[in-house]
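Visitor: One structure, as C-alpha cells, below. Some questions next.
Protein chains in written order, with the numbering used here: chain A, 14 to 27; chain B, 789 to 1045.
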C-alpha cells in the first residue's frame, strides 16, 4: 500500500 | 514602475492555462531579471515554478521589485478579452494594489485596458536544492499528455520506470492494468519527436495520475517535455516557454506506507 507524500517531506520552507 | 510587453499574448494565455488547474491564486514576483512564480497546490503535493526572463519580453521595465498576488480566475476572465494576435502589456505602479493589462490589436486600431485588483497572498516559498537526477527523459509533450490521459482511466496511480532502454508507464485498477513502454529513439531526425533517456541509475517511482494530467495543461507551450527523476525525491516535469522561460512542476511521489 502506498500513501501520497507531500513536498514538505522533501523540501524546506525558505 | 513595472511594465512588461509581449507581442504574443497567446503565451500568457497558455501560461495561465498551464497553472490554473492547480492553483486558484498565485504571486507573480517581478524583478529586473523577469517574472517568477512559485506556488504549491492546496494539498502541498505539487508545486509550480515558472520563470519568464526579462530579455524574452519585447519591452521590460521593473524599477523596483514587486510581488503581485493575482486571482487566476479573474486573470483568466481578463485574458479571454485578448485576441490571440493581440499585443499584451502588463503595467503596475510601485506599491500599487492593481495591475493593468493593455491589449492592442496588431494594427493598433483597437486598444483595451483592464485593471485588476491585486491580492495579499501568504507566500510559502520552498527551497528546492539543485539536484543531479538519476534519470532525465525527454519525449514529445503530446505523447506524454496522451499517456497520462490513457492511463488515468485505469487507476489513481501511475508507476514510471526508467532504464537505459527506455521508459515505462503503468497503471492498474478495477478494470485491469495498462503498460506503455517507450523505447529510446534510435536515430533522431527531429529532436521534438525523439524519446531520449539519460540515465545514471534506473528509477521506479509512483505518482498520482490526476496531478500528471494537470501538468499536461502546459502541452501547448512546448513540443517537448522533460521528466527528471531520482529515487525517493519529487518528479520534475519541465516545459520550455518558447525562448522566454520555462514552467516546472514538482510532484511528490507516493511512498510505501
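Each residue gets a CB set at the ideal place from its N, CA and C atoms; glycine is no exception.
(1) Between which two residues does the alpha helix (DSSP H) holding residue 930 (chain B) run?
(2) Below 8 Å on C-beta distance, what does residue 915 (chain B) contact in chain A?
(3) Output the distance between the C-alpha atoms of residue 938 (chain B) and residue 967 (chain B), rounded to the nearest integer angstrom.
(4) Shorter than 7 Å, the distance from the beta carbon of residue 1002 (chain B) to the closest heavy atom of the ligand NAD, or not?
(5) Expressed to the nearest angstrom, what Euclidean distance is found between the alpha-carbon atoms of residue 1041 (chain B) and residue 1007 (chain B)?
(6) Which residues of chain A have a Cβ atom closer than 8 Å to the Cβ of residue 912 (chain B), listed in chain order?
(7) Residue 833 (chain B) versus chain A: which residues are under 9 Å apart at the beta carbon?
(8) Going along chain A in order, which residues have a C-beta closer than 8 Å to the C-beta of residue 994 (chain B)?
(9) Any chance you could list the beta strand (DSSP E) runs of at least 3 consecutive residues sitting entirely within the segment 955-1005 of chain B, in chain order?
(10) Closest by CA to residue 920 (chain B), which one among B:794, B:1024, B:802, B:899?
(11) Short check: CB of residue 834 (chain B) to CB of residue 1038 (chain B), under 8 Å?
(12) In chain A, which residues lie less than 9 Å from residue 808 (chain B) when you measure between Cβ atoms?
Guide: Taking the geometry as given:
(1) 929-939
(2) 24, 25, 26, 27
(3) 10 Å
(4) Looking at this structure, you won't find the ligand NAD or any other ligand, since it has none at all.
(5) 22 Å
(6) 26
(7) 17, 18, 19, 20
(8) 15
(9) 964-971, 984-987, 991-996
(10) B:1024
(11) yes
(12) Going along chain A, no residue has its Cβ under 9 Å from residue 808 (chain B), so there is no contact; the nearest lies around 19 Å.
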